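So in our numbering, spot 63 of the sequence shown is number 106, and the numbers just go up one at a time. Think of the CB as a built atom: it goes at the ideal place given N, C-alpha and C, for glycine as much as any other residue. Predicted model only: the values in this text are computed from it and were never measured.
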Amino acid sequence: MYVLSSVLHSYSDDQVVDLLAAVRDAMEPAGQNAELWIVEGMLPRLAGGPSPWYSTDMRMRALFAGQGVRTSEVLRRLVQDADLSFRTVRPLPCRQALMIASLAEL
Numbered sequence: 044m045y046v047l048s049s050v051l052h053s054y055s056d057d058q059v060v061d062l063l064a065a066v067r068d069a070m071e072p073a074g075q076n077a078e079l080w081i082v083e084g085m086l087p088r089l090a091g092g093p094s095p096w097y098s099t100d101m102r103m104r105a106l107f108a109g110q111g112v113r114t115s116e117v118l119r120r121l122v123q124d125a126d127l128s129f130r131t132v133r134p135l136p137c138r139q140a141l142m143i144a145s146l147a148e149l
């Protein structure tokens, strides 16, 4: 199992895909038994929906060159762009979300 916790919001989409691809390469020797757990705050799909992550998003955009807090749909696309297979996304009690990915099936 590989874990990226509160990391991806600090990077651009291209950098996230590169980082995820590097993790994918590290996962390959374990084959389909390997999982990537991504723990991030995620914005709701529709603007105006309740989320504690809007203020974090504004701070991250002001302080770092990354994309800020993303929606689960955007993170799913980035996971797939890195040739990983999206498994699921689950809310966590800490108000973040857990996204699980694995190696793309051949």
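If contacts are defined as beta-carbon pairs under 8 Å, then residue i and residue j qualify, I think. What distance do you get, rounded to the angstrom?
i	j	result
Met70	Leu118	That pair is no contact at about 17 Å.
Ser128	Ala144	6 Å
Ala77	Ala125	Not really, about 14 Å apart at Cβ, beyond 8 Å.
Leu51	Val66	Not a contact, Cβ separation roughly 11 Å.
Against chain B, with Cβ distances strictly below 8 Å, would residue i count as a contact?
i	result
Arg67	This model lacks chain B altogether, as it is built from one protein chain only.
Under a three-way DSSP split, which group does residue i fall into?
i	result
Val112	coil
Ala73	helix
Val50	coil
Arg120	helix
Looking at the unbroken alpha helix (DSSP H) that takes in residue i, where does it start and where does it end?
i	result
Val66	Asp56 to Met70
I'd like to confirm the pairing. Which residues does DSSP put opposite residue i in its beta bridges?
i	result
Arg133	Leu141
Tell me which residue opens and which closes the beta strand (DSSP E) that residue i is part of.
i	result
Glu148	No beta strand (DSSP E) holds Glu148; DSSP gives it neither H nor E.
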